[in-house]
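A.B. asks:
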Amino acid sequence: MQFADYDKLYQNIFANSGIAIGSGSPLEVELDGYQDSTDRQNLIIQANLVSEFKTGPFGHTVLFGGEFGDQDTANSRNDTVFEANGDDQITIAFTDPLDIPAFSFSNLVRDRESQVQFASVYLQDQIDVTNWLKLVGGVRFDRFDIEVLDIIEQNDGDGLGAISRGWMRNSPRVWALF
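As structure tokens, this is what we get:
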């Protein structure tokens with residue numbers, strides 16, 4: 001079993017363009033930036049049972065197992081707002097040292113939540129027919145579900161912004177090992 005809890009905040013101011021070089025003009029660069037936060041919890045549980053036994057002349061190695069996972073994530077982003085122009089981007093003189101203009105952050109430009117769950121169960125039998133031939137057969141069942149909520153889109157009046165998907169698969173397995 002594994003549980004992880006992440007609470008991450010990072011922010012960047014970065015060059016959003018190449019340095020504009022003109023004849024006789026000072027060097028300039030466009031800056032942009034953001035602040036991004038992510039809160040995530042993961043739970044993963046895995047278990048396997050292995051049994052070895054004989055039926056007559058054949059040896060068997062039977063594997064039975066399962067896994068379950070659950071992940072909840074909340075992620076949001078704010079753009080920079082430069083005080084000099086009230087915009088999220090600004091062009092400044094490229095100097096050494098670089099003089100970063102005063103800035104703050106906007107209201108949220110992205111605000112999303114997601115939940116992911118998966119579950120698997122599997123059964124496999126490896127049969128030792130001879131010392132040089134093994135037959136393997138098994139089956140695996142998988143289920144995967146994801147729900148995403150775009151909170152800004154959900155609250156803009158049109159009622160959109162929630163998406164969910166899921167699938168289930170059975171996968172038989174048969175092979176021979178020489």
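Residues 1 to 178, numbered by the UniProt record's numbering, are exactly what the sequence shown covers, in order. Each residue gets a CB set at the ideal place from its N, CA and C atoms; glycine is no exception.
Does the separation of the CB atoms of residue 15 and residue 31 fall below 9 Å?
C.D. replies: Counting from one through the sequence shown, the residue named residue 15 turns up at place 15. Counting from one through the sequence shown, the residue named residue 31 turns up at place 31. Going by C-beta atoms, residue 15 is nearer than 9 Å to residue 31.
A.B. asks: How should residue 112 be labelled, buried or exposed, when 16 other C-beta atoms within 10 angstroms of its C-beta is the threshold for buried?
C.D. replies: By 1-based counting over the sequence shown, the position of residue 112 is 112. Residue 112 should be labelled buried.
A.B. asks: Going along the chain, which residues of its own chain have a beta-carbon closer than 8 Å to the beta-carbon of residue 161, five neighbours each way excluded?
C.D. replies: The sequence position of residue 161 within the sequence shown is 161, counting from 1. Same-chain partners within the cutoff: 149, 150, 151, 152, 153, 154 and 155.
A.B. asks: Residue 88 and residue 81 look like a contact to me (Cβ under 8 Å); what is the Cβ gap, rounded to whole Å?
C.D. replies: Counting from one through the sequence shown, the residue named residue 88 turns up at place 88. Counting from one through the sequence shown, the residue named residue 81 turns up at place 81. Right, the Cβ-Cβ distance comes to about 6 Å (below 8 Å), so this counts as a contact.
A.B. asks: Looking at the unbroken alpha helix (DSSP H) that takes in residue 153, where does it start and where does it end?
C.D. replies: Your numbering for residue 153 matches position 153 in the sequence shown. 151-154 is the extent of the alpha helix (DSSP H) around residue 153.
A.B. asks: So is residue 21 buried or exposed if we call it buried at 16+ other beta carbons inside 10 Å?
C.D. replies: Within the sequence shown, the letter at position 21 stands for residue 21. When all chains shown are included, residue 21 counts as exposed.
A.B. asks: Run through DSSP, which three-state label would residue 113 get?
C.D. replies: By 1-based counting over the sequence shown, the position of residue 113 is 113. Reduced to three states, the DSSP call for residue 113 is strand.
A.B. asks: On the three-state DSSP scale, how would you describe residue 175?
C.D. replies: Working through the sequence shown from its first residue, we reach residue 175 at position 175. Here residue 175 sits in strand by DSSP.
A.B. asks: Just the Cα atoms here: how many angstroms apart are residue 134 and residue 54?
C.D. replies: One-based indexing of the sequence shown puts residue 134 at position 134. One-based indexing of the sequence shown puts residue 54 at position 54. So the alpha carbons of these two residues sit roughly 14 Å apart.
A.B. asks: Quick check: what's the CA-CA separation for residue 75 versus residue 62?
C.D. replies: Sequence index remark: in the sequence shown, residue 75 carries index 75 (1-based). Sequence index remark: in the sequence shown, residue 62 carries index 62 (1-based). If you take the alpha carbons of residue 75 and residue 62, they lie about 43 Å apart.
A.B. asks: Does the Cβ-Cβ distance between residue 168 and residue 142 come in under 9 Å?
C.D. replies: The residue labelled residue 168 in the question sits at position 168 within the sequence shown. The residue labelled residue 142 in the question sits at position 142 within the sequence shown. Against a cut-off of 9 Å, the Cβ pair of residue 142 and residue 168 comes out as a contact.
A.B. asks: Can you tell me which of 29, 60, 56 and 33 puts its alpha carbon nearest to the alpha carbon of residue 123?
C.D. replies: As a working note, residue 123 is residue 123 in the sequence shown. Of 29, 60, 56 and 33, the residue nearest in Cα terms is 60.
A.B. asks: Excluding the 5 residues preceding and the 5 following residue 51 in the sequence, name in chain order all residues of the same chain whose CB lies nearer than 6 Å to its CB.
C.D. replies: Here the question's residue 51 lines up with position 51 in the sequence shown. So the list reads 62, once near-sequence residues are dropped.
A.B. asks: Kindly give me the distance between the Cβ atoms of residue 38 and residue 73, rounded to whole angstroms, as I take these residues to be in contact under 8 Å.
C.D. replies: Within the sequence shown, the letter at position 38 stands for residue 38. Within the sequence shown, the letter at position 73 stands for residue 73. About 7 Å separates the two Cβ atoms, so the contact holds.
A.B. asks: How long is the line joining the alpha carbons of residue 9 and residue 40, rounded to whole angstroms?
C.D. replies: In the sequence shown, counting from the first residue as 1, residue 9 sits at position 9. In the sequence shown, counting from the first residue as 1, residue 40 sits at position 40. Distance between the alpha carbons of residue 9 and residue 40 is about 12 Å.
A.B. asks: Could you give the uninterrupted runs of the beta strand (DSSP E) lying entirely in the segment 29-99, keeping only those of 3 residues or more?
C.D. replies: Fully enclosed beta strand (DSSP E) runs of 3 or longer: 58-82 and 89-93.
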